[in-house]
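Chains as they are written, first to last, in my numbering: chain A, 186 to 438; chain B, 9 to 298.
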């Protein structure tokens with residue numbers, strides 16, 4: 186087995202976000218997130234429920250980026266039903282972001298003033314509802330100081346300071362589990378839920394991560410190195426889940 | 009007895025008025041009632057408020073200057089993440105926006121369908137959605153909170169009543185019983201119930217007693233109770249997908265998306281595909297292209 190590359194380290198770091206979720210809808214959006222979710226299910230979280238990317242829950246390890254891959258349908262979950270699952274809370278979504286601040290407030294709606302944006306992006310999409318109703322993680326393939334900023338232009342996904350302002354009742358389902366980037370894994374395990382450097386990917390220095398982050402990242406003595414994939418994980422990633430290596434287009438080795 | 013509600017795209021447009029709030033079914037670039045959208049593009053209608061899980065319907069109507077306000081959960085072409093004509097409209101400030109969380113929009117349509125002024129939801133709390141759209145406010149629950157204390161504050165998602173809804177079904181009968189054969193109904197049933205009048209286009213009108221042969225009874229989700237008019241429009245969702253009848257015309261969608269890069273390209277596209285006599289001619293032009 187040739188050594189793991191950065192994209193594969195990211196896949197495993199994503200998979201680790203879902204550890205402990207048990208029987209829950211694992212709903213990662215994006216290529217590496219999808220591969221990571223499927224890897225978690227094929228290894229340490231076998232009871233996760235996942236979609237085929239459309240209206241079905243698919244029980245098999247569908248390869249990503251393979252059109253017409255066979256689907257073992259275990260349930261029908263069209264969009265109206267998806268919102269039911271979402272509001273019911275048995276879901277862990279992984280989204281992307283165009284901007285994020287130190288409390289995990291996320292923006293992918295637009296850049297500039299919402300009333301007349303400099304750049305219209307995706308809009309609020311599902312971020313407000315997702316973040317206030319169930320666990321959310323993020324995957325950022327381009328860790329940079331342009332993305333990790335002091336203040337986001339529009340808060341789509343709710344961060345910890347906003348959740349705290351809402352009070353314990355309104356925010357009782359809010360959890361930002363983790364942020365995985367091409368450089369590092371981040372979490373909010375600090376007294377005031379500021380973003381913390383959890384682990385650096387092999388080959389990345391702590392200073393590199395700090396330099397690529399536009400706000401002051403909490404760096405304490407708990408920073409570790411992101412774990413490498415096992416041989417079995419590499420086999421699953423390369424041969425079963427992502428045989429066309431679509432992951433390479435999202436994170437360069 | 010099943011009434012006969014058959015009409016043409018032009019008949020539908022004749023029942024619409026400038027300034028109306030019109031809901032459009034489907035989702036992004038999937039099962040959109042495009043033949044009805046094209047008829048609006050050919051008409052003098054203007055100043056419309058469009059409510060949609062948006063795709064090329066919103067993009068085309070914006071590009072043609074038909075839209076005063078867009079109410080949407082997103083506007084996407086699926087394989088092209090952001091609708092380029094809509095992007096231009098937003099960035100130039102020519103279109104007013106009500107940009108909703110996708111689930112909030114479902115609730116707004118559901119509230120209108122049930123004729124209540126709002127539905128409560130946690131979605132939106134803590135985000136900037138309420139800051140940039142101050143017309144959406146919170147409501148305090150009259151019931152004790154989960155901790156036994158004060159009632160929870162929740163977002164009161166206002167009803168989104170529609171003057172008219174446009175939806176596209178795989179099959180229908182002449183009375184407006186609609187059948188979807190693809191993987192998802194999306195919010196088409198809510199659109200139909202939220203609207204004063206709903207116009208349903210369909211790939212094929214079949215006899216009522218043939219609907220059961222087309223798909224299981226679970227697919228018969230639109231009742232004629234909710235439908236004013238039925239338009240037979242084969243290939244009418246083009247260039248969006250209409251599974252399982254046909255997939256998306258990706259080549260055409262790319263050609264369309266590219267027209268956002270220059271007014272000349274848009275004008276040429278408009279002349280070739282939109283400034284045609286009727287839907288039949290559009291389909292002839294598309295057919296000749298392939």
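Don't be surprised by glycine CBs; every beta carbon is placed ideally from N, CA and C.
None of these values were measured; they are calculated from a predicted model.
- Excluding five sequence positions before and after residue 329 (chain A), the CB atoms of its chain that fall closer than 6 Å to its own CB belong to 397, given in chain order.
- In terms of CA proximity to residue 127 (chain B), B:149 leads the group B:139, B:141, B:228, B:149.
- Taking a beta-carbon distance threshold of 8 Å, residue 194 (chain B) counts as an interface residue toward chain A.
- Contact note: residue 379 (chain A) does not reach chain B at a C-beta cutoff of 8 Å; the least C-beta distance is about 17 Å.
- The DSSP-derived three-state label of residue 210 (chain B) is strand.
- Residue 17 (chain B) is positioned such that its CB atom lies closer than 8 Å to that of residue 239 (chain B).
- A check of alpha carbon separations from residue 267 (chain B) across B:33, B:94, B:12, B:27 identifies B:94 as the nearest.
- Against chain A, a Cβ distance below 7 Å from residue 19 (chain B) picks out nothing, because the smallest value is about 30 Å.
- DSSP places residue 284 (chain A) in the strand class (E or B) of the three-state scheme.
- Boundaries of the alpha helix (DSSP H) around residue 48 (chain B): 42–50.
- Partner residues in the beta bridge of residue 35 (chain B), as assigned by DSSP, are B:38.
- At a C-beta separation below 7 Å, residue 263 (chain A) has these neighbours in chain B: 191, 192, 193.
- Under the 10 Å beta carbon count, residue 258 (chain A) is surrounded by fewer than 16 other beta carbons and is classified as exposed.
- Distance between residue 275 (chain A) and residue 140 (chain B), taken at the CA atoms: about 29 Å.
- Interface criterion not met: the Cβ of residue 367 (chain A) is under 8 Å from no Cβ in chain B.
- DSSP places residue 177 (chain B) outside any alpha helix (DSSP H); the residue lies instead in the beta strand (DSSP E), whose first and last residues are 170–180.
- Listed in chain order, the positions of the stretch 136–149 of chain B with a beta carbon within less than 7 Å of a beta carbon of chain A are 136, 137, 140.
- Between residue 435 (chain A) and residue 327 (chain A), the alpha-carbon positions lie close to 9 Å from each other.
- If you check the CB distance, residue 176 (chain B) and residue 34 (chain B) come in under 8 Å.
- Here residue 111 (chain B) is near residue 314 (chain A), since their CB atoms are less than 8 Å apart.
- For the stretch 268–298 of chain A, residues whose beta-carbon sits nearer than 8 Å to a beta-carbon of chain B comprise 268, 271, 272, 294, 295.
- In this structure, the alpha-carbon of residue 279 (chain B) lies about 29 Å from that of residue 251 (chain B).
- Taking a Cβ-Cβ cut-off of 8 Å, the neighbours of residue 155 (chain B) in chain A comprise 353, 354, given in sequence order.
- Per the Cβ contact rule, the stretch 241–258 of chain A is not in contact with the stretch 287–295 of chain A (fewer than 3 Cβ pairs under 8 Å).
- Contact between residue 282 (chain A) and residue 332 (chain A) is confirmed by a C-beta separation of about 7 Å, below the 8 Å threshold.
- When C-beta atoms of the stretch 223–232 of chain B are compared with those of the stretch 64–72 of chain B, fewer than three pairs fall below 8 Å, so the two segments do not count as touching.
- For residue 82 (chain B), a Cβ of chain A is located within less than 8 Å of the residue's own Cβ.
- In this structure, the alpha-carbon of residue 371 (chain A) lies about 43 Å from that of residue 169 (chain B).
- Between the stretch 196–210 of chain B and the stretch 142–161 of chain B there are fewer than three inter-stretch CB-CB distances shorter than 8 Å, so the stretches are not counted as touching.
- Around the beta-carbon of residue 429 (chain A), fewer than 16 other beta-carbon atoms lie within 10 Å, marking it exposed.
- Secondary structure note for residue 100 (chain B): its alpha helix (DSSP H) is the uninterrupted segment 92–100.
- Per DSSP, the continuous alpha helix (DSSP H) segment holding residue 222 (chain B) begins and ends at 219–222.
- Taking a Cβ-Cβ cut-off of 7 Å, the neighbours of residue 101 (chain B) in chain A comprise 301, given in sequence order.
- Where residue 273 (chain A) is concerned, the enclosing alpha helix (DSSP H) starts and stops at 264–273.
- Note on residue 421 (chain A): 16 or more other CB atoms within 10 angstroms of its CB, so buried under the neighbour-count rule.
- Nearest to residue 285 (chain A) by alpha-carbon distance, out of A:365, A:241, A:236, is A:365.
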